[in-house]
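Here's the structure, in structure tokens; my notes come after.
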Amino acid sequence: MSARRGDPAAAGEETAEELLERVRGMVPAALDAAAAAGGFPGRWKAIAAKLEALPARLSDLSSHPCFAKNALCRELLQSVAATLAEAAELAARCREPPAAGKLRTQSAVDALAGKLDLSLRDCALLVRTGVLSDASVGPSAPPEADVRELLARLQIGQTDAKSRAVDGLLEALRRDEKGVLAVLGRANVAALVQLLTAPAPAVREKAAAAVCRVAESGACEALLVSEGVLPPLVRLAESGSLVAREKAALTLQRLSGASPDVARAVVGHGGAGALIEICRTGDSVSRSAAAGALKNLSAVPEVWQALADVGIVRVMVGLLDCCGGAVGVGGSKEHAAECLQNLTSRTDGLRRAVVSEGGLRGLIACLDGPSPPESAVAALRNLVGCVSADSLVSLGVLPRLVHVLRVGSTGAQQAAAAAICRIASSDGNEMKRGVGEHGCMPLLVRLLESKSNGAREVAAQALATLLGCPANAREMKKDDKGVPCLVQLLDPSPANTAKKYAIACLLTLSATKRCRKLMISHGAIGYLKKLSDMDVAGAKKLLDRLERGSLRSLFSTTGN
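With the first letter of the sequence shown counted as 1, position 313 gets the number 313 in UniProt numbering; the numbers rise by one all the way through.
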């Protein structure tokens, strides 16, 4: 036995109990060598203290009933044996002046201290993780037992061993993500987060891939954040390898959308600048992820100024211009449009910045596809007040908005109607006439039948504005659906927010006898009596006009 005492390779021939006894027997020799070592007395005293603490940790480990049945115990003991052999050998070399130089020897002593710390910590962790108990069931062990052992390996051993553990974790996530997540605890997440700052770039990449997979599952977002994942992710996004930057961006995209607090934390750790740089220089996947993360950050008004300070407006406008093609859901263009929609929702300064960076052209160009994105239309709606109506017309915005009314989603149609309303309100009848000539009147009437209350309201508001132009009013009177749809919007229900605009439209149209008859035949008088009692603006005036017309019609019929 003594012949093999300093040879860790011999451990393969020993049982766990024999290996434990060999390691215990190596401790006194290592202690004696440390006590006799010359130079760096403070460091060797600290090493001796660690050596003295080791037997107690080994006893804790060996007292577990499953100690002899778990491969992790053998691997740990082999590592401890190697460290003790290194301690004895290094201490012996330090009895004489260091041949390799003082600094190199000092570095070796410090590295030894670190290995001993790791051994002490790993002994405690192996007991705490509960993985030892999983070995007691032998061949009938449930799948989660293997997963727990794999997760335990993330926390013990040297970096290369942890790297292999991450490989195993990635494979396990591919095979059975749900099963892995079911046993993934706080300690395992913390160990994975720590590997994001491992010295080896390859290990950081693997850890970033695993963290990304865990984050995208949606099951551990809060746990990742609470274990401090954001700072190392931001550092990887700033200066990691291409793969690490991509995975970091994807993870930040996922986490930044979890809550405003997380978004604020990402900005506080410098994440906005790193994400913007990826938007400038990354490939299509990382660029889309970074743009998605920035879109999430832009949903929090408190960070707008910080985003503006690192140049978000120019970069988002640039993404609209450079990505090419139609806007696809989840792509860089879509994220950029949503980001600009958020940034321009309240602040005139940011609206002007988007306009000055050329954002209007990019947003208008987004409307040409078969499915114009609501975000681009909404951003455009936010900007129309910053630009003259003539400029918007010269940029070709009106035919694009009409196109959205024709083929867009309900949300996009609502935003287009609001933009049309603002454009028509910005000038006199000539602009209203020009808007109407682009063919939006029948499309707005069709929008009055939408299931969305907001869409009905904004369509009625746009029509009320456009009907101020006689040419538009004449066109509206020709539409068989116009008056009936407006009458339906007289519903006095509090949920119906379009009624005041419907009244304004009907007042304009009521100048025509045919329209008054249509209003009466579709039940407008009953609605208006209720609205008059509620003091809704214009309701009594329209009611009086319809009732006078009804009486005249009655007298005319009686006279005949």
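Glycine is no exception: its CB is placed at the ideal position from the N, C-alpha and C atoms. Here the structure is a predicted model, which is why all the values come from computation and not from measurement.
| Hey, how far is the Cα of Val329 from the Cα of Ala291? | With a pLDDT of 44 at Val329, under the threshold of 50, the predicted position of this residue should be treated as unreliable, though the coordinate-derived value follows. For Val329 and Ala291, the distance between alpha carbons rounds to 12 Å.
| said: Rounded to the nearest angstrom, what separates Ala308 and Arg287 at their Cα positions? | reply: 18 Å
| Taking Cys220 as the reference, which of Arg351, Leu181, Glu96 and Ala187 has the closest Cα? | Leu181
| message | What does the alpha-carbon distance come out to for the pair Thr557 and Arg381? | response | The predicted position of Thr557 is uncertain, since its pLDDT is 44 and thus under 50; a value taken from the coordinates is nonetheless stated next. Pairing Thr557 with Arg381, the inter-Cα distance amounts to about 50 Å.
| request: Leaving out five residues on either side along the sequence, give the residues of the same chain with a beta carbon under 6 Å from the beta carbon of Gln155. | output: The answer, listed in chain order, is Leu125 and Ala191.
| Inter-residue Cα distance where the pair is Lys541 and Ala460 | Cα to Cα, the separation comes out at about 19 Å.
| request: Decide if the region 343 to 350 is in contact with the region 369 to 376; the criterion is three or more beta carbon pairs, one per stretch, under 8 Å apart. | output: no
| task | Look at Val317 and Val354 and say whether their C-beta atoms are less than 8 Å apart. | result | Contact flag set, yes.
| message | If I measure Cβ to Cβ from Gly39 and keep anything under 6 Å in the same chain, skipping five residues before and after, which residues do I get? | response | Within its own chain, the residues whose Cβ lies closer than 6 Å to the Cβ of Gly39, once the five positions on either side in sequence are excluded, are Cys94, listed in chain order.
| request: Leaving out five residues on either side along the sequence, give the residues of the same chain with a beta carbon under 6 Å from the beta carbon of Lys295. | output: His335, Glu338 and Cys339
| message | Contact between the region 100 to 115 and the region 184 to 198 is defined here as three or more beta-carbon pairs at a separation below 8 Å; is this criterion met? | response | no
| task | State the Cα-Cα distance for the pair Gly324 and Asp533, rounded to the nearest angstrom. | result | Confidence at Gly324 is low in this model, with a pLDDT of 49, below 50, so the placement of that residue should be treated as unreliable; the coordinate-derived value is given next. If I take the Cα positions, the gap works out to 56 Å.
| Does DSSP put Arg95 in a helix, in a strand, or in coil? | Here Arg95 sits in coil by DSSP.
| field | Under 8 Å between C-beta atoms of His403 and Leu448 | value | no
| field | Where Phe67 sits in the DSSP three-state scheme | value | helix
| said: Please identify the residue among Gly359, Val310 and Ser226 whose C-alpha is closest to the C-alpha of Val267. | reply: Val310
| request: Under the assumption that Leu467 contacts Cys505 (Cβ atoms under 8 Å), give the Cβ distance between them as a whole number of angstroms. | output: About 6 Å separates the two Cβ atoms, so the contact holds.
| How would you label Ala200, buried or exposed, when you count the other beta carbons within 10 angstroms and need 16 or more for buried? | exposed
| Option in Ser284, Ala36 and Val80 with minimal Cα separation from Gly25 | By alpha-carbon distance to Gly25, the top candidate from Ser284, Ala36 and Val80 is Val80.
| request: Could you tell me the distance, in whole angstroms, from the CA atom of Ala299 to the CA atom of Val313? | output: 14 Å
| In chain order, which continuous runs of the alpha helix (DSSP H) of length 4 or greater are located wholly inside the region 451 to 537? | The region 451 to 537 contains these whole alpha helix (DSSP H) runs: 453 to 466, 470 to 478, 482 to 488, 499 to 509, 513 to 521 and 524 to 533.
| request: Please look up how many angstroms separate the CB atoms of Leu383 and Ile423, rounded, as I've assumed it's under 8 Å. | output: At roughly 11 Å, the Cβ-Cβ gap does not stay under 8 Å, so Leu383 and Ile423 are not in contact.
| said: Going by DSSP in three states, Ser259 sits in which element: helix, strand or coil? | reply: coil
| To the nearest angstrom, how far is it from the Cα of Ser332 to the Cα of Asn342? | 15 Å
| query | Quick check: the region 483 to 494 against the region 505 to 517, are there 3 or more CB pairs under 8 Å? | reply | yes
| field | 6 Å CB neighbourhood of Gly411 in its chain, flanking five on each side removed | value | Glu374
| said: Just verifying my parser: in three-state terms, what is the DSSP assignment at Ser391? | reply: helix
| request: Pick helix, strand or coil for Asp283, following the three-state DSSP scheme. | output: coil
| message | Beta-carbon within less than 7 Å of Glu277's beta-carbon, same chain only, minus the 5 sequence neighbours each way: which residues are those? | response | none
| query | Taking the Cβ atom as the reference point for each residue, do Ala53 and Leu120 lie within a distance shorter than 8 Å? | reply | Result yes, Cβ atoms of Ala53 and Leu120 sit closer than 8 Å.
| field | Stretch pair the region 270 to 285 + the region 231 to 244: three plus CB contacts closer than 8 Å | value | yes
| said: Contact defined as beta carbons within less than 8 Å: I believe Leu405 pairs with Ala419. What is the distance between those atoms, to the nearest angstrom? | reply: Their Cβ separation, rounded to whole angstroms, is 10 Å, which puts Leu405 and Ala419 out of contact at 8 Å.
| message | If you reduce the DSSP assignment to three classes, tell me which class Ala135 lands in. | response | For Ala135, the pLDDT reaches just 46, beneath the cut-off of 50, and the residue's location in the model is therefore unreliable, although a value from the coordinates is still provided. Here Ala135 sits in helix by DSSP.
| said: I'd like the ranges of any beta strand (DSSP E) spanning at least 3 consecutive residues and lying wholly in the region 193 to 270. | reply: Qualifying beta strand (DSSP E) stretches: none in this window.
| Reduced DSSP category for His438 - H, G, I as helix; E, B as strand; rest coil | coil
| request: Mind checking which residues open and close the alpha helix (DSSP H) that includes Val180? | output: Thr159 to Val183
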